[in-house]
Amino acid sequence: MAESEAETPSTPGEFESKYFEFHGVRLPPFCRGKMEEIANFPVRPSDVWIVTYPKSGTSLLQEVVYLVSQGADPDEIGLMNIDEQLPVLEYPQPGLDIIKELTSPRLIKSHLPYRFLPSDLHNGDSKVIYMARNPKDLVVSYYQFHRSLRTMSYRGTFQEFCRRFMNDKLGYGSWFEHVQEFWEHRMDSNVLFLKYEDMHRDLVTMVEQLARFLGVSCDKAQLEALSEHCHQLVDQCCNAEALPVGRGRVGLWKDIFTVSMNEKFDLVYKQKMGKCDLTFDFYL
Ligand SMILES: Nc1ncnc2c1ncn2[C@@H]1O[C@H](COP(=O)(O)O)[C@@H](OP(=O)(O)O)[C@H]1O
Ligand SMILES: CCc1ccc(OS(=O)(=O)O)cc1
Numbered sequence: 005m006a007e008s009e010a011e012t013p014s015t016p017g018e019f020e021s022k023y024f025e026f027h028g029v030r031l032p033p034f035c036r037g038k039m040e041e042i043a044n045f046p047v048r049p050s051d052v053w054i055v056t057y058p059k060s061g062t063s064l065l066q067e068v069v070y071l072v073s074q075g076a077d078p079d080e081i082g083l084m085n086i087d088e089q090l091p092v093l094e095y096p097q098p099g100l101d102i103i104k105e106l107t108s109p110r111l112i113k114s115h116l117p118y119r120f121l122p123s124d125l126h127n128g129d130s131k132v133i134y135m136a137r138n139p140k141d142l143v144v145s146y147y148q149f150h151r152s153l154r155t156m157s158y159r160g161t162f163q164e165f166c167r168r169f170m171n172d173k174l175g176y177g178s179w180f181e182h183v184q185e186f187w188e189h190r191m192d193s194n195v196l197f198l199k200y201e202d203m204h205r206d207l208v209t210m211v212e213q214l215a216r217f218l219g220v221s222c223d224k225a226q227l228e229a230l231s232e233h234c235h236q237l238v239d240q241c242c243n244a245e246a247l248p249v250g251r252g253r254v255g256l257w258k259d260i261f262t263v264s265m266n267e268k269f270d271l272v273y274k275q276k277m278g279k280c281d282l283t284f285d286f287y288l
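Counting from 1, position 60 in the sequence shown corresponds to residue 64 in this note's numbering; the numbering is continuous, with no gaps.
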């Protein structure tokens, strides 16, 4: 058992009290008091924003975006602390004041829903890359994350956690609303909507899309080299050294969901996503 798990048991009641509601959306405690400043955060046309619901493959995407935009070597990326280069807007560290002063071009991440992002991002000039992941793998990943997180140290069962997910009761609010809101904006000229599963299924096309979106001009040979480098990143990320075996792969949820849980999930998915033409690969 991890040290953090033993130290701070978190009952479902304690867990509830760690969040706060903002315009009906459950947000983590570190967002409290700064939502207005975030809405008014000064955005630059040269910014590139990476937005995801947590556990959608943000770290992998940031490495690929960094590689495509900066042309860095994949081995170099493995050695540097890339999280320091790409701050999360709403996190306590480094904080809004520091992010405001970063030199251009800035790469900034956020997990906030579209409507809570800086208002200048809405149909603005800065580029926004959104990535969605199939919700079954995502909820398993979010559960494991909550169990290991020192500040959350979640002690409930997966079944109970999954119920919270289906009822939109987790940090950063409803996954269903988060992805649908961005999906509605996928045709905005400053938005690129991507799916985690496509990084595993067809990385070359994704790299092409990213290069085009970011205005990185490269010929066929350069594109092939870039795609090969990105493949290395995906392999490095999902191998036994970087993560426990099998982590990050598509379809891991099948080992965790029971049949009845899956039936219930499918029902809720249909109710909440029924009118949306966004689809996901649940297996590859
Ligand atoms: N290179 C990488 N670094 C970190 N996480 C990666 C990764 N490649 C894939 N992932 C997966 O992305 C998920 C984390 O997403 P995020 O970066 O948004 O927090 C994890 O899923 P699993 O928990 O299913 O393994 C993790 O395994
Ligand atoms: C529930 C609190 C929390 C904290 C941080 C998160 O983001 S990330 O997955 O570490 O990027 C998400 C949720």
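Here a beta-carbon is modelled for each residue, glycine too, at the ideal position from N, C-alpha and C.
Next on the checklist: So, with DSSP's three-state summary, where would you put I260?
Outcome noted: If DSSP states are grouped into helix, strand and coil, I260 belongs with coil.
Checklist entry - Measuring CA to CA, which of K59, K38, E25, Q74 is closest to S221? => result Comparing C-alpha distances from S221 to each of K59, K38, E25, Q74 shows the shortest one belongs to Q74.
Item to check | Pairwise C-alpha distance: H204 and A229 | outcome: Those two C-alpha atoms are separated by around 17 Å.
Item to check | Q236 CB to nearest heavy atom of ligand 1 below 7 Å | outcome: No; taking the cut-off as 7 Å, the Cβ of Q236 has no heavy atom of ligand 1 nearer than that.
Next on the checklist: Here's the rule I'm using: 16 or more other beta-carbon atoms within 10 Å means buried, otherwise exposed. How should M84 be labelled?
Outcome noted: Exposed, since its Cβ has fewer than 16 Cβ neighbours within 10 Å.
Checklist entry - Would you say the segment 260-268 touches the segment 109-121, given that touching needs at least three Cβ pairs under 8 Å? => result In this structure the segment 260-268 does not lie against the segment 109-121, because fewer than three pairs of beta carbons, one per stretch, are closer than 8 Å.
Item to check | Euclidean distance between Cα positions of H150 and D223 | outcome: Approximately 43 Å between the Cα atoms of the pair.
Next on the checklist: Check for me: the beta strand (DSSP E) holding Y146 runs from which residue to which?
Outcome noted: That residue, Y146, is in no beta strand (DSSP E); its alpha helix (DSSP H) goes 139-152.
Checklist entry - Cβ atoms of V52 and K140: under 8 Å apart, would you say? => result In this structure, V52 does not lie closer than 8 Å to K140 by Cβ.
Next on the checklist: Three Cβ pairs or more, each shorter than 8 Å: is that satisfied between the segment 56-74 and the segment 119-130?
Outcome noted: Contact fails: fewer than three Cβ-Cβ distances are below 8 Å.
Checklist entry - How many angstroms separate the CA atom of Y200 from the CA atom of E18? => result Computed Cα separation, rounded: 32 Å.
Item to check | Cβ-heavy atom distance, L24 to ligand 2, below 7 Å | outcome: It is Phe, not Leu, that sits at residue 24 in the sequence shown. Incorrect: F24 has no Cβ contact closer than 7 Å to ligand 2.
Next on the checklist: Looking at S145: is its Cβ nearer than 8 Å to the Cβ of K59?
Outcome noted: Contact flag set, yes.
Checklist entry - Would F284 pass as a contact of N194 if the rule is Cβ separation under 8 Å? => result No.
Checklist entry - Looking only at C-alpha atoms, which of K258, L214, L227 sits nearest to I54? => result The alpha carbon of I54 has as its nearest neighbour, out of K258, L214, L227, the alpha carbon of L214.
Checklist entry - Would you say the beta carbon of R63 comes nearer than 7 Å to a heavy atom of ligand 1? => result One detail in the question is off: residue 63 reads as Ser in this sequence, not Arg. At least one heavy atom of ligand 1 is nearer than 7 Å to the Cβ of S63, so yes.
Next on the checklist: Please return the same chain residues whose Cβ sits closer than 6 Å to the Cβ of F165, not counting the five positions on each side in sequence.
Outcome noted: These residues qualify, in order along the chain: Y147.
Checklist entry - In three-state terms, what does DSSP make of T209? => result Helix.
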